[in-house]
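Some notes on the structure that comes next.
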Amino acid sequence: MVLEYGLSLMYINIITYLYLNFCFFTALFVFDVKHFKSLNDFKNVGNLPFFTVTFILLLFSLAGVPPTLGFVSKSLIFIFMFFKKSFFFLSLLTILNLFIMYFYVRNIRYFITKSSNYYFVYTNSYSFINWNLIVLLLIFNFLNFFSIFFIEDFL
5 MVLEYGLSLM
15 YINIITYLYL
25 NFCFFTALFV
35 FDVKHFKSLN
45 DFKNVGNLPF
55 FTVTFILLLF
65 SLAGVPPTLG
75 FVSKSLIFIF
85 MFFKKSFFFL
95 SLLTILNLFI
105 MYFYVRNIRY
115 FITKSSNYYF
125 VYTNSYSFIN
135 WNLIVLLLIF
145 NFLNFFSIFF
155 IEDFL
C-alpha cells in the first residue's frame, strides 16, 4: 500500500515537471529563439510584462516556491516522507531542494533587466504574435499559480 502511494506521488511529480517544462517552452515559442544564445539574451524579455511574469512564475514553480504547482508536488513528497519516518531522505531532499531553489531563483535576474531589443517572430514588417499561445499561457499561469487550491484533487 505504501509503495503505491510513493509511485503515485512520483508520477504526480514527473507530470508536474513535464507540464512546467511544456509551459516554459510554449512561452519561448512566441519569440524568435535563434536570437537566444545564452541566458543573458533573456534581458530582452524584460520589456514585455506578461512574458516577464510568465517566466518568473515558471521559474518559481520549478524551484518549488509556494503557492505554485512545483511547491504542491514537492510538499506532497515531503509529507509522504515525513509520515513514512524516513528522516534521512527527507533531510537529504530538503538540502538538495535548497540548491535547486537557489539555481532557479538566481536565474530570474535575466528576466528583470530591460533592453531595447525585441525578439518577436517578425513576418514582413510587422510583429507576428500567436494569440493562441498567449491564451494558452494565460491558462497555464492560472493553473500554475492557483494550484494550491487544487491540492485536494491530487490527494
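Under our numbering, the first residue of the sequence shown carries the number 5, and numbering increases by one thereafter. Using N, Cα and C, we set each Cβ at its ideal position, and we do this for glycine too.
For residue i, the nearest candidate out of the options (CA to CA)
| i | options | result |
| --- | --- | --- |
| Ala-31 | Asn-101, Ile-116, Phe-144 | Phe-144 |
| Phe-150 | Asp-36, Gly-68, Asn-48, Thr-72 | Thr-72 |
| Ala-67 | Leu-24, Leu-94, Ile-19, Met-85 | Leu-24 |
| Ile-116 | Met-85, Ile-83, Phe-87, Asp-45 | Asp-45 |
| Thr-98 | Arg-110, Met-85, Glu-8, Tyr-108 | Met-85 |
| Leu-2 | Phe-91, Lys-89, Phe-64, Phe-54 | Residue 2 falls outside the range modelled here, since the chain spans only 5 to 159, and no answer is possible. |
| Leu-100 | Lys-89, Lys-78, Arg-113, Asn-111 | Lys-78 |
| Cys-27 | Ile-83, Ile-60, Phe-92 | Ile-60 |
| Leu-43 | Phe-146, Tyr-108, Val-139 | Tyr-108 |
| Tyr-114 | Lys-47, Val-76, Thr-56 | Lys-47 |
| Phe-64 | Lys-89, Asn-111, Leu-11 | Asn-111 |
Burial state of residue i (16 or more Cβ within 10 Å)
| i | result |
| --- | --- |
| Leu-62 | buried |
| Phe-33 | exposed |
| Phe-75 | buried |
| Val-139 | exposed |
For residue j and residue i, believed in contact at Cβ under 8 Å, the rounded distance
| i | j | result |
| --- | --- | --- |
| Asn-148 | Ile-81 | Actually they are not in contact, since the Cβ atoms of Asn-148 and Ile-81 sit about 18 Å apart, beyond 8 Å. |
| Leu-141 | Thr-58 | 6 Å |
| Met-105 | Val-69 | 7 Å |
Three-state class that DSSP yields for residue i in the structure shown
| i | result |
| --- | --- |
| Val-69 | coil |
| Lys-47 | helix |
| Asn-111 | coil |
| Leu-52 | coil |
| Phe-64 | helix |
| Phe-40 | coil |
| Phe-150 | coil |
| Ser-95 | helix |
| Leu-78 | Here the sequence assigns Lys to residue 78, which means Leu is not the residue at that position. Three-state result, Lys-78: helix. |
| Ser-3 | Because the chain is modelled from 5 through 159, residue 3 falls outside the range shown and cannot be assessed. |
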